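Chemist: Got a structure for you, written out below as structure tokens; questions coming shortly.
Number of protein chains: 2
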Amino acid sequence: MAIRSAEILTIGEASAASGVSAKMIRYYESIGLVRPATRTESNYRTYDGKAVETLRFVARARHLGFSMMEIGRLLALWQDRARASADVKALAVKHIDELEQRIAAMTAMKATLEHLALRCHGDDRPDCPIIEGIAGEECCH
Amino acid sequence: MAIRSAEILTIGEASAASGVSAKMIRYYESIGLVRPATRTESNYRTYDGKAVETLRFVARARHLGFSMMEIGRLLALWQDRARASADVKALAVKHIDELEQRIAAMTAMKATLEHLALRCHGDDRPDCPIIEGIAGEECCH
DNA sequence: CTTGACCTTGCCATGATGGCAACCCCATCT
DNA sequence: AGATGGGGTTGCCATCATGGCAAGGTCAAG
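Read top to bottom, the protein sequences are chains A and B. Each residue of the first sequence is one higher than the last, beginning at 1 in my numbering. Each residue of the second sequence is one higher than the last, beginning at 1001 in my numbering.
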């Protein structure tokens, strides 16, 4: 194997250092989200500090719920010294809105279910407002 | 075509009546969620009132965020006259908990993003706490 | 030099849904 | 009777982000 300095990591090490699974690192590379990793003579991918930092950026953005498409744009903005913070903010605000909508949808589901569950005895008798609620009209407002 | 009474619907009519797309009706049948539809001589699927009611049940359960697996169990309970309401309630409560967790996760994402967005000027300068937040340590607590 | 851990690629699967294609069937209009 | 259009049938592919498995190559340590 080519000599590897301490700063040059294999995909497994980069995975551990970034919190992104090796599988996903390869996937991100395959869809062009991140630049193809450099390779050793024996075709192993290698990652330097900057590459690992990029992976960590992706991991954090995923953690915030951004899609791959959005992360692609975020990465471009991150690496663009001439970016306008307004562009970043627009992306973030759009994502906040989407989160809000999904939260609202799920909160509504939860409320309906709680309403039904509250009136269900939860014993061994078959009578059940939950099932009847789903089957009948009074389910979804 | 075989004579069809007003109560016997084609898949398109059943779709309109139940709110489930024809594609999804076929899919539900293919995965065994619902019983295979009866067929006309010319192999068209037919749906009677009961079948449509079942599809509506599925649609409502989907609307409440239940997965196909869970809906399968709900359907079985619905059709089981000897069910214990406790079983239904357990399913519902488990789903409520899952919703709660997903809501909490997304609420946390939203809070982090809002915290970052609040401090972003959103103008044409590159300086941006959002990007820096994602790139740096202070992003995810 | 063997062994075990790790790398490579590639394929398959998920869950729920949509789209397209090729073909068949039925009803209605000319 | 024949054309036309709408809707049925199947099957395959795509999504999005991820995991798993398999077959083969490579490296480091015993």
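C-beta atoms are modelled at their ideal positions from N, C-alpha and C, and glycine is treated no differently. Predicted model, so just to flag it, every value in this text is computed and none were measured.
Mapping DSSP to helix, strand and coil, what is residue 1028 of chain B?
Modeler: Reduced to three states, the DSSP call for residue 1028 of chain B is helix.
Chemist: Which bits of chain A does residue 1021 of chain B rub up against, with CB to CB less than 9 Å?
Modeler: The contacting residues do not exist; residue 1021 of chain B stays about 18 Å from chain A at best.
Chemist: Can you name, in chain order, every residue of its own chain whose Cβ lies under 7 Å from the Cβ of residue 12 of chain A, other than the five neighbours on each side?
Modeler: Correct list, in chain order: 22.
Chemist: Here's a check: name, in chain order, each residue in its chain whose Cβ is nearer than 6 Å to the Cβ of residue 1020 of chain B, leaving out the five neighbours to either side.
Modeler: For residue 1020 of chain B, where only same-chain residues beyond five positions count, the Cβ hits under 6 Å are 1055, 1059.
Chemist: What did DSSP end up calling residue 1125 of chain B once you bin it into helix, strand or coil?
Modeler: It is coil, neither helix nor strand.
Chemist: Residues of chain A with CB closer than 9 Å to the CB of residue 1033 of chain B, please, in chain order.
Modeler: Ordered by position in chain A, no residue passes the 9 Å Cβ test against residue 1033 of chain B, which lies about 14 Å from the chain.
Chemist: Alpha carbon to alpha carbon, how far is residue 45 of chain A from residue 36 of chain A?
Modeler: One C-alpha to the other measures close to 9 Å.
Chemist: Quick one: is residue 15 of chain A near chain B, going by C-beta distance under 8 Å?
Modeler: Chain B contact via Cβ: absent.
Chemist: Measure from the C-beta of residue 1076 of chain B to each C-beta in chain A and report whether the shortest distance is under 8 Å.
Modeler: No, because no Cβ of chain A sits closer than 8 Å to the Cβ of residue 1076 of chain B.
Chemist: Report yes if the CB atom of residue 109 of chain A is closer than 8 Å to the CB atom of residue 1075 of chain B, and no otherwise.
Modeler: Their beta carbons are not under 8 Å apart, which means residue 109 of chain A does not touch residue 1075 of chain B by this criterion.
Chemist: Output the distance between the C-alpha atoms of residue 1127 of chain B and residue 1116 of chain B, rounded to the nearest integer angstrom.
Modeler: About 12 Å.
Chemist: Please name the residues in the stretch 1110-1131 of chain B whose beta-carbon is closer than 9 Å to at least one beta-carbon of chain A, in chain order.
Modeler: Going along the stretch 1110-1131 of chain B in chain order, one finds 1110, 1112, 1113, 1114, 1116, 1117, 1120, 1121, 1122, 1123, 1124, 1125, 1126, 1127, 1128, 1129, 1130, 1131 with a Cβ nearer than 9 Å to chain A.
Chemist: Thinking C-alpha only, which one of A:26, A:40, A:52, A:9 is nearest residue 1136 of chain B?
Modeler: Minimum Cα distance to residue 1136 of chain B is reached at A:52.
Chemist: If we call anything under 8 Å between Cβ atoms a contact, is residue 991 of chain B one with residue 133 of chain A?
Modeler: Beyond the ends of chain B as shown, which are 1001 and 1141, falls residue 991 of chain B; an answer cannot be given.
Chemist: Say whether chain A places a C-beta atom closer than 8 Å to the C-beta of residue 1038 of chain B.
Modeler: No, no contact with chain A.
Chemist: Please tell me whether residue 1141 of chain B has its Cβ less than 8 Å away from any Cβ of chain A.
Modeler: Low confidence applies here, because residue 1141 of chain B scores a pLDDT of 42, under 50, leaving its location unreliable; read the following figure in that light. With 8 Å as the cut-off, residue 1141 of chain B does not count as an interface residue toward chain A.
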